[in-house]
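Protein chains in written order, with UniProt numbering: chain F, 1 to 157; chain V, 1 to 157.
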DNA sequence: TTATTAATAATAATCATTACAAACTAATAT
DNA sequence: ATATTAGTTTGTAATGATTATTATTAATAA
Ligand SMILES: [Mn+2]
Ligand SMILES: [Mn+2]
Ligand SMILES: [Zn+2]
Ligand SMILES: [Zn+2]
């Protein structure tokens with residue numbers, strides 16, 4: 001944890017930004033909830049628990065800054081809000097997501113998987129890939145199991 | 001054009017919706033600007049040119065409906081608005097996009113490219129893929145060329 | 001110390017989207 | 001033909017996320 005904070009502190013310094021107490025509090029929340037996909041409001045409420053004096057605008061500003069420095073990625077799953085997702089340690093590219101259209105759960109894939117596809121895009125389209133956003137929409141393992149169970153019930157009532 | 005309209009009309013009918021004049025006007029705009037990525041406001045203004053009596057709320061409702069029926073896909077490139085993108089004729093999956101971080105241009109890729117990756121996701125994550133969203137961020141051909149030119153100028157002033 | 005600058009908090013303003021109420025249309029039943 | 005109904009549209013108000021503004025505070029430099 002402290003290690004990650006130190007690293008982020010350095011990234012900020014290298015762009016002549018400071019790790020203010022508010023920024024640190026925000027980063028700590030993001031680290032604590034690394035697997036979640038929090039909205040700005042979510043982050044704000046969580047930061048407020050430990051640092052009640054923080055303002056919503058500051059959280060927005062901090063998230064925006066972290067986003068510019070590629071420390072977090074701003075994503076949008078189609079509900080009306082932006083969500084902020086910490087980059088995995090040392091990751092060069094943003095990770096992928098599996099969104100279940102039944103239950104809304106979001107799973108993460110850290111494996112890159114797109115190496116070949118990016119080669120094709122660079123070669124055939126002449127496009128120099130810097131980053132990507134990949135989300136699969138479908139049915140998660142749990143919902144598949146639930147559907148099978150329901151079918152069985154219908155077949156043998 | 002008429003052929004596409006007919007097909008969409010049938011898709012609506014099969015879900016017991018009608019192709020009202022307003023819906024048809026909206027669809028026509030989407031067909032005419034198939035390669036663009038229009039916001040609801042964009043669509044509204046374009047429809048208004050030919051059918052000045054249409055209301056903004058109707059356009060939103062129509063786009064929402066077309067989106068539910070998978071006739072258009074609702075996407076978000078990170079600016080604050082949703083954009084509505086007609087599915088390519090007969091396409092089972094949504095197409096991909098190349099967004100240039102220099103000039104903002106958006107190019108389309110109709111080739112699927114993700115067959116293998118989806119296999120891996122299904123096998124290794126047990127996730128049943130129904131659709132996907134893939135966007136590459138990077139430098140488009142034009143901006144690459146422009147950058148090279150600039151470098152040459154700097155080297156030989 | 002005093003001046004300068006960066007960062008924050010509180011709040012107002014903006015802007016995309018949605019909700020709502022009244023009017024309209026087309027289809028169906030009487 | 002007339003009344004009824006469900007579905008649709010319009011214009012506008014309301015909502016809600018995000019951004020801009022302004023006064024204040026903290027940090028830094030002169
Ligand atoms: Mn994630
Ligand atoms: Mn497209
Ligand atoms: Zn699920
Ligand atoms: Zn470009």
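Ideal Cβ placement from N, Cα and C applies to all residues, glycine included.
All values derive from a computational prediction rather than experimental measurement.
Answer yes or no: do residue i and residue j have a C-beta to C-beta separation smaller than 7 Å?
| i | j | result |
| --- | --- | --- |
| residue 134/V | residue 30/F | no |
| residue 59/F | residue 66/F | no |
| residue 78/F | residue 130/V | no |
| residue 81/V | residue 51/V | no |
| residue 76/V | residue 76/F | yes |
| residue 143/F | residue 102/F | yes |
Would you kindly work out how many angstroms separate the C-alpha atoms of residue i and residue j, rounded to a whole number?
| i | j | result |
| --- | --- | --- |
| residue 56/V | residue 55/F | 35 Å |
| residue 91/V | residue 141/F | 26 Å |
| residue 149/F | residue 97/F | 26 Å |
| residue 44/V | residue 32/V | 14 Å |
| residue 62/V | residue 11/V | 14 Å |
| residue 114/F | residue 118/V | 11 Å |
| residue 9/F | residue 8/V | 54 Å |
| residue 95/V | residue 88/F | 27 Å |
| residue 123/V | residue 27/V | 38 Å |
| residue 147/V | residue 136/V | 19 Å |
| residue 109/F | residue 151/V | 38 Å |
| residue 17/F | residue 69/F | 11 Å |
| residue 126/V | residue 116/F | 22 Å |
| residue 74/V | residue 85/V | 6 Å |
| residue 53/F | residue 47/F | 9 Å |
| residue 37/V | residue 83/V | 6 Å |
| residue 14/F | residue 25/F | 20 Å |
| residue 23/V | residue 64/V | 11 Å |
| residue 34/V | residue 5/F | 46 Å |
| residue 120/V | residue 128/F | 25 Å |
| residue 93/F | residue 99/V | 15 Å |
| residue 20/F | residue 105/F | 34 Å |
| residue 132/F | residue 2/F | 29 Å |
| residue 42/F | residue 42/V | 31 Å |
| residue 155/F | residue 49/V | 55 Å |
| residue 145/V | residue 145/F | 52 Å |
Helix, strand or coil, according to DSSP, for residue i in the structure here?
| i | result |
| --- | --- |
| residue 17/F | coil |
| residue 112/F | coil |
| residue 97/V | strand |
| residue 75/V | strand |
| residue 81/V | coil |
| residue 35/V | coil |
| residue 69/V | coil |
| residue 102/F | coil |
| residue 5/F | helix |
| residue 53/V | coil |
| residue 41/F | helix |
| residue 89/V | coil |
Residue i versus chain V: which residues are under 8 Å apart at the beta carbon?
| i | result |
| --- | --- |
| residue 76/F | 76 and 78 |
| residue 66/F | None at all; the shortest Cβ gap to chain V is about 15 Å. |
Is the closest heavy atom of ligand 6 to the C-beta of residue i under 6 Å?
| i | result |
| --- | --- |
| residue 108/F | Absence of ligand 6 is noted for the structure shown, with ligand 1, ligand 2, ligand 3 and ligand 4 being the only ligands found. |
List, in chain order, every chain F residue whose beta-carbon is nearer than 7 Å to that of residue i.
| i | result |
| --- | --- |
| residue 135/V | 132 and 133 |
| residue 158/V | This structure cannot speak to residue 158/V, because chain V is shown only from 1 to 157. |
| residue 101/V | 130 |
Give the residues of chain F in contact with residue i, contact being defined as C-beta atoms less than 9 Å apart.
| i | result |
| --- | --- |
| residue 5/V | What residue 5/V touches in chain F: nothing, since even the nearest Cβ is about 27 Å away. |
| residue 126/V | 140, 141 and 144 |
Name the chain F residues whose beta carbon is nearer than 8 Å to that of residue i?
| i | result |
| --- | --- |
| residue 109/V | 121 and 125 |
Residues of chain V with CB closer than 9 Å to the CB of residue i, please, in chain order.
| i | result |
| --- | --- |
| residue 98/F | 121, 125, 127 and 129 |
Neighbouring residues (CB closer than 6 Å to any heavy atom of ligand 3): The set, ordered by position in the chain, is 100/F, 102/F, 103/F, 105/F, 140/F, 142/F and 143/F.
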